[in-house]
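Using our numbering, the final residue of the sequence shown is 757, and nothing's skipped along the way. Here is the structure we will look at.
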Amino acid sequence: MTRLQQIEVASGNPFREIGMAEIADMPSLPLDVLAGCQEAGRAWVAVDVADRPVAFAVADLVDGCAHVQQLSVNPSYARRGIGRGLLDHVAAWAAGRGLPALTLTTFRSVPWNGPYYARCGFRELPSTEITPGLIDVLAAEVAIGLDPADRVAMRRPAS
Numbered sequence: 599m600t601r602l603q604q605i606e607v608a609s610g611n612p613f614r615e616i617g618m619a620e621i622a623d624m625p626s627l628p629l630d631v632l633a634g635c636q637e638a639g640r641a642w643v644a645v646d647v648a649d650r651p652v653a654f655a656v657a658d659l660v661d662g663c664a665h666v667q668q669l670s671v672n673p674s675y676a677r678r679g680i681g682r683g684l685l686d687h688v689a690a691w692a693a694g695r696g697l698p699a700l701t702l703t704t705f706r707s708v709p710w711n712g713p714y715y716a717r718c719g720f721r722e723l724p725s726t727e728i729t730p731g732l733i734d735v736l737a738a739e740v741a742i743g744l745d746p747a748d749r750v751a752m753r754r755p756a757s
């Protein structure tokens with residue numbers, strides 16, 4: 599397991615504390631996906647003072663937007679603005695490529711998910727604004743067992 603996968607696993611552990619062990623136990627992003635994002639220039643890593651990775655973000659392109667596929671922060675480094683900094687970096691990357699927005703899907707009810715992203719400038723998309731690609735992302739999440747009633751698609755301008 600790579601350091602990024604270890605960060606993703608660690609960042610999932612708080613789900614156990616709120617009764618969502620099945621989320622904590624989900625597999626991390628496969629190495630080929632991480633490598634593909636890195637090769638495509640759609641992976642970013644935050645490091646500590648010793649140059650060790652402590653957080654990362656990977657994005658995909660969905661319906662002409664930068665879709666935040668994963669944002670993970672080692673819980674030991676949480677609440678320091680690292681995740682927000684990565685989101686801001688992805689937004690600047692997207693704006694520099696002429697992409698209008700960032701999108702993501704997340705849990706509506708988990709405090710460090712939907713409410714956190716709202717504080718970072720994302721807004722929940724009403725069903726009338728969910729694009730075909732996001733519909734596919736949400737459907738894939740349901741197919742792996744996520745509760746559709748607690749999933750939300752969100753969007754933030756890229757700037």
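In this text, a Cβ means the ideal position worked out from N, Cα and C, and glycines have one as well. Just so it is clear, the structure is predicted and the values come from calculations on it, not from any experiment.
(1) Check this for me: beta carbons of Q668 and V656, under 8 angstroms apart or not?
(2) Where do the ends of the alpha helix (DSSP H) carrying P612 lie?
(3) Given G681, which residues of its chain have a CB within under 7 angstroms of its CB, disregarding the five upstream and five downstream residues?
(4) On a Cα-Cα basis, can you pick out the residue from L700, R749, S626 that is closest to I605?
(5) Just to check my reading of the structure: R749 and L732 have Cβ atoms closer than 8 angstroms, yes? What is that Cβ distance to the nearest angstrom?
(6) So T764 and M752 are supposed to be a Cβ contact under 8 angstroms. How far apart are they, rounded?
(7) Which of the three DSSP states, helix, strand or coil, is assigned to L700?
(8) Please report the straight-line C-alpha distance between L744 and F705, rounded to a whole angstrom.
(9) Among V708, P746, W691, which residue has its Cα nearest to the Cα of G639?
(10) So what's L787 in DSSP terms, helix, strand or just coil?
(11) With DSSP as the reference, label P730 as helix, strand or coil.
(12) On a Cα-Cα basis, can you pick out the residue from N711, R677, D658 that is closest to L697?
This is what the structure holds:
(1) yes
(2) 612 to 615
(3) A653, L669, V671
(4) S626
(5) 10 angstroms between Cβ atoms; not a contact.
(6) Absent from the model: residue 764. The displayed extent of the chain is 599 to 757, so no value can be given.
(7) strand
(8) 9 angstroms
(9) W691
(10) Missing from the structure shown is residue 787; the chain here goes from 599 to 757 and no further.
(11) helix
(12) D658
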